[in-house]
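Participant: This structure is in C-alpha cells; I'll ask about it shortly.
Number of protein chains: 2
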Amino acid sequence: MDRRVRTDSRLSRTLHVLLHMARHDGPMTSEAIGRMLGTNPVVVRRTMAGLRNAGYVTSEKGHGGGWTIAADLNAVSLLDIHRAVGGPRIFAIGSDRANPACAVEKVVNAAVEDTLREAEALLITRLGSVSLAELARSFDARCRPEGASDTSTCA
Amino acid sequence: MDRRVRTDSRLSRTLHVLLHMARHDGPMTSEAIGRMLGTNPVVVRRTMAGLRNAGYVTSEKGHGGGWTIAADLNAVSLLDIHRAVGGPRIFAIGSDRANPACAVEKVVNAAVEDTLREAEALLITRLGSVSLAELARSFDARCRPEGASDTSTCA
DNA sequence: CCATCACGTAACTTGATAAGTATCGTGATG
DNA sequence: CATCACGATACTTATCAAGTTACGTGATGG
Chain A
1457 MDRRVRTDSR LSRTLHVLLH MARHDGPMTS EAIGRMLGTN PVVVRRTMAG LRNAGYVTSE
1517 KGHGGGWTIA ADLNAVSLLD IHRAVGGPRI FAIGSDRANP ACAVEKVVNA AVEDTLREAE
1577 ALLITRLGSV SLAELARSFD ARCRPEGASD TSTCA
Chain B
1457 MDRRVRTDSR LSRTLHVLLH MARHDGPMTS EAIGRMLGTN PVVVRRTMAG LRNAGYVTSE
1517 KGHGGGWTIA ADLNAVSLLD IHRAVGGPRI FAIGSDRANP ACAVEKVVNA AVEDTLREAE
1577 ALLITRLGSV SLAELARSFD ARCRPEGASD TSTCA
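So the sequences go chain by chain: A and B.
Numbering-wise, the first sequence is residues 1457 to 1611 according to this note's numbering.
Numbering-wise, the second sequence is residues 1457 to 1611 according to this note's numbering.
Right, here's the structure in full:
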C-alpha cells in the first residue's frame, strides 16, 4: 500500500475507441484514434499495446495499416479491458504501512482495507459482467435505433 | 472527472491516531502523534485541523497542550472521519472528459462512472455504518480482552 | 517578565505516475 | 524508394499527498 497514482482514464478511453472500431470498416490508425481522444498517436499506441498483447486487437504497419479488433466482442468484458490496459490501481485511498508493528494500526488498516476490498470486489464483478458487445448494444439502443456504419461524431 | 491523485492514507492514519487518543489520558502533542505515524508534527496538524473544524477534537497550545477528543466515539463514523480529513477522491480511475460531444464516449463514460458510483456507494455505506467506538471495541476484542490504558505499542 | 512549549500557517520540496511530446527505427505499401 | 504507420525509447509535464523549513502566536510556569 504505497504506490502513488493519478486519475487513470485508460479504461474509458479504450472502451470508447473499441466501440468506434467495432462500427468502422478497416483498420484505424493511431493518428485517427488520437484525434478522437484529443491526444497524440504515441499515447494511443502505448495503451493499445496492452490490448494487442492480450490478443484483443492486431496492428498492421504501412499504408492502410492501423488497429483492428481481433476478438469476439461477446467474449471480452470491461474487466478484461481494464486488465489489458494495465489493471491499474483502483483506489486513491488506502493505508500507508502494509505491516505495522502497532496493534491498533493493524486493526484500523484491516478495517479500512476490508472495506476497500469489498468495494473493489463489487466493481470487479460489475465490470466482469458486461461484455463489449453489450456495451455496444446499449449504445445502439440509446442512440442508433436502426444501426449503421460509424457516423457518430467525436469532437 | 479530471483531478489527479495519490494514495491517500489520511483516513487510516487518523483512525489510528484517534484510537490511541481514546485510550490515552490527557492531550497528545502533534510531536508524539508524528512519532507514532512515522511523520512530523506539521503533517499531523494539517490533517488534525480537519477534525478540529468538524468538532471531533480540540487543540490547546502551550505546556500540557495538544490534541483531545471532543466527541462521543459512538456518534462518529469512519465516513465522518473520511469527510473531516478532506473527503478525498476515492478512485484512481475514471473518465478524462466530463461532457464529451461524442455519443459513444458519453455512453462509455456513463457505464464506467455508474459502476464506480455503485462501488463508491457501497464503500460510503460501509464506512458510515461503523463508529469509532465500534472500531475501538473490535480492537479490544482482538487484542486487549481485559482493557487498560494505552500500553499498545507503536513502532 | 521571559523561556519554553505546542499549535497555526505559509511556502517550498519530494515522490510517484498517467499523460504528453520528440525522435528514431522498422516493416509494409504502392 | 518515398511514404505511411507502428514500435520503442527517452524525456517532460501535471497533479497532489506527504514531507520539510521557517516563523508567528498564545499558554504555561518559573
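Every residue, glycine too, gets a C-beta built ideally from N, C-alpha and C.
(1) Which residues of chain A have a Cβ atom closer than 9 angstroms to the Cβ of A1540 of chain B, listed in chain order?
(2) Would you say E1616 of chain A lies against chain B (beta-carbon separation less than 7 angstroms)?
(3) For V1541 of chain A, name the three-state secondary structure that DSSP assigns.
(4) Taking Cβ-Cβ distances shorter than 7 angstroms, what residues in chain A pair up with H1476 of chain B?
(5) Could you pull out every unbroken beta strand (DSSP E) segment of at least 3 residues lying fully inside the segment 1492-1535 of chain B, listed in chain order?
(6) Just to confirm my understanding: we take L1535 of chain A, look at its own chain, exclude 5 residues before and 5 after, and list those with CB closer than 7 angstroms. What are they?
(7) Cβ-heavy atom distance between E1561 of chain A and the ligand MN below 6 angstroms?
(8) Taking 7 angstroms as the threshold (C-beta atoms), are L1591 of chain B and A1567 of chain A in contact?
(9) Does the beta carbon of G1550 of chain A sit closer than 7 angstroms to a beta carbon anywhere in chain B?
(10) Quick check on S1587 of chain B: does DSSP put it in helix, strand or coil?
(11) Go ahead and label T1470 of chain B buried or exposed: buried means 16 or more other beta carbons lie within 10 angstroms of its beta carbon, across all protein chains shown.
(12) Answer with yes or no whether the minimum CB distance from L1591 of chain A to chain B is below 7 angstroms.
(13) Let me know the secondary structure DSSP gives D1464 of chain B once reduced to three states.
(14) Using a threshold of 7 angstroms, state whether the C-beta atoms of E1561 of chain B and H1472 of chain A are closer than that.
(15) So if DSSP puts I1549 of chain A in a beta bridge, which residue, or which two residues, is it bridged to?
(16) Counting only C-beta atoms, is V1568 of chain A closer than 7 angstroms to chain B at any point?
(17) Anything in chain A within Cβ reach of T1571 of chain B, meaning under 9 angstroms, just list it in chain order.
(18) Who are the neighbours of R1545 of chain B on chain A, taking C-beta pairs under 9 angstroms?
(19) Can you grab the Cα-Cα spacing for the pair L1467 of chain A / D1596 of chain B, in whole Å?
(20) Can you list the residues of chain A that S1594 of chain B reaches, using a CB-CB cut of under 8 angstroms?
(21) On the three-pair Cβ rule with 8 angstroms, is the segment 1475-1492 of chain B touching the segment 1512-1524 of chain B?
(22) What does L1507 of chain B reach in chain A if we use C-beta pairs closer than 9 angstroms?
(23) Give the straight-line distance between the Cα atoms of A1488 of chain B and T1463 of chain A, rounded to the nearest whole angstrom.
Facilitator: Concretely, from the data shown:
(1) Those within 9 angstroms of A1540 of chain B in chain A number zero; the least Cβ separation is about 14 angstroms.
(2) Here chain A has residues from 1457 to 1611 only, and residue 1616 of chain A is not among them.
(3) coil
(4) V1560
(5) 1513-1516, 1522-1525
(6) I1580, L1583, G1584
(7) What this structure holds is no ligand at all, so the ligand MN is not there to describe.
(8) yes
(9) yes
(10) strand
(11) buried
(12) yes
(13) strand
(14) yes
(15) B:D1464
(16) yes
(17) L1534, L1578, L1579, R1582, L1583, V1586
(18) T1463, A1548, I1549
(19) 42 angstroms
(20) V1563, A1567
(21) yes
(22) Result: empty, since nearest Cβ-Cβ is about 15 angstroms, beyond 9 angstroms.
(23) 34 angstroms
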